[in-house]
Amino acid sequence: MSSPLLHRRAARGVRRTSADFGALWRGTDTTGQPLIVICSSRPAAMSWLASSLAAGLPALVAVVRLTDSGAEADATSATESVGAFDRAVTEAARAATALGADPARLGIVGEGAAASVALTLAAARAKPDADDSDESDDSDGRGDNDPNDEFGRHPVMRLALISPGSSSWGSAAGSAAVIPPFFPPTLIQFARGGSAAQTSTALEQRLSAAGVAVRGTDYQAPRDGWATRSRAVKQSTRGANDLVAFFARGFGAASTFHVIPGWDLH
Numbered sequence: 007m008s009s010p011l012l013h014r015r016a017a018r019g020v021r022r023t024s025a026d027f028g029a030l031w032r033g034t035d036t037t038g039q040p041l042i043v044i045c046s047s048r049p050a051a052m053s054w055l056a057s058s059l060a061a062g063l064p065a066l067v068a069v070v071r072l073t074d075s076g077a078e079a080d081a082t083s084a085t086e087s088v089g090a091f092d093r094a095v096t097e098a099a100r101a102a103t104a105l106g107a108d109p110a111r112l113g114i115v116g117e118g119a120a121a122s123v124a125l126t127l128a129a130a131r132a133k134p135d136a137d138d139s140d141e142s143d144d145s146d147g148r149g150d151n152d153p154n155d156e157f158g159r160h161p162v163m164r165l166a167l168i169s170p171g172s173s174s175w176g177s178a179a180g181s182a183a184v185i186p187p188f189f190p191p192t193l194i195q196f197a198r199g200g201s202a203a204q205t206s207t208a209l210e211q212r213l214s215a216a217g218v219a220v221r222g223t224d225y226q227a228p229r230d231g232w233a234t235r236s237r238a239v240k241q242s243t244r245g246a247n248d249l250v251a252f253f254a255r256g257f258g259a260a261s262t263f264h265v266i267p268g269w270d271l272h
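Residue numbers (my numbering): 7 to 272.
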């Protein structure tokens, strides 16, 4: 169980409600707001970050509860974790629609060991806008009239990874993963010299080589663990503020990320 001594209090002005897939954080009025879905192997420790995103953007923020992060599992279990996350995002999108939010403005956060699940989902959903393609992609076998398309099969518009684990694509284990076209702009938050630094740096280089708009933070502070131990790790608010800024520039005013990536992270 997470100790309250490790975590900051939830942000003011938002509230938490339980859902079958986990929890929702939202303000009083969610009309037109983007949907941010957080995937973490420690969902109970993500309340401060989720509430900070909900209040700071503002946005409707879902924290997904998965039984297996897929980090140290075999290929079958990892695939099942991605499938479970995909279904949870679909359910979160349904909830967002019911609350008047805009699930098509979809952002994903993958934290720690669960970052590989977020990466794989973003790749699976990467596709051009319908107006940019004359051919319908039915590679998932769902057909043109799949009701999930209305609620949860939206491509990921922005992806953020916090201290990604060793099974992420920047590691030897993930080197065979294919980075598809139309992969979303990606922020990788990690601490210089930390346990996630090597994987994060390799992942940043690999995404950049594939033409993805990507930026790694390479923090001196905060250290790794700021998202789940926000009170114990100094300058954890900097990590949260950078994350809010990254999503705000993607879902708010016209983004410059594809032109000058650094401008969207400071």
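Beta carbons are placed, not taken as given, at the ideal position from N, Cα and C, and that holds for glycine.
- Approximately 19 Å separates the beta-carbon atoms of Q204 and A166; this is outside 8 Å, ruling out the contact.
- Rounded to the nearest angstrom, the Cβ distance from G28 to P49 is 6 Å, consistent with a contact under 8 Å.
- The DSSP-derived three-state label of G38 is coil.
- Between R244 and G200 the beta-carbon gap is near 15 Å, outside 8 Å, which marks them as no contact.
- Nearest C-alpha to A99 among T126, S53, R159, S83: R159.
- Counting the other CB atoms within 10 Å of its CB gives A121 a total of 16 or more, which places it among the buried residues.
- In the three-state scheme derived from DSSP, where H, G and I count as helix and E and B as strand, D108 is classed as strand.
- The C-beta separation of P161 from A208 comes to about 25 Å, leaving the pair out of contact by the 8 Å criterion.
- Assigned with DSSP and collapsed to three states, G28 falls in strand.
- The beta-carbon separation of G113 and M163, rounded to 6 Å, stays under the 8 Å limit for a contact.
- Here the alpha carbon of P64 sits roughly 31 Å from the alpha carbon of R212.
- V20: not part of any alpha helix (DSSP H); DSSP gives it neither H nor E.
- Across the structure, T103 and E117 are spaced so that their CA atoms are roughly 25 Å apart.
- One thing to note: G231 has its Cβ within 7 Å of the Cβ of V239.
- Under the 10 Å beta carbon count, S24 is surrounded by fewer than 16 other beta carbons and is classified as exposed.
- By the neighbour-count criterion, in which a residue is buried when 16 or more other Cβ atoms sit within 10 angstroms of its Cβ, T192 is buried.
- The three-state reading of DSSP puts A238 in coil, since its state is none of H, G, I, E or B.
- By the criterion of a C-beta distance shorter than 7 Å, A110 is surrounded in its chain by H160, once the five residues flanking it on both sides are discounted.
- Pairing V20 with I44 gives a Cβ-Cβ distance that is not under 7 Å.
- For L165, no alpha helix (DSSP H) segment is defined; the enclosing uninterrupted segment is the beta strand (DSSP E) at 164 to 168.
- Residues P170, G176, I194, F196, G222 of the same chain have their beta carbon placed closer than 7 Å to that of S206, with the five preceding and five following residues left out of the count.
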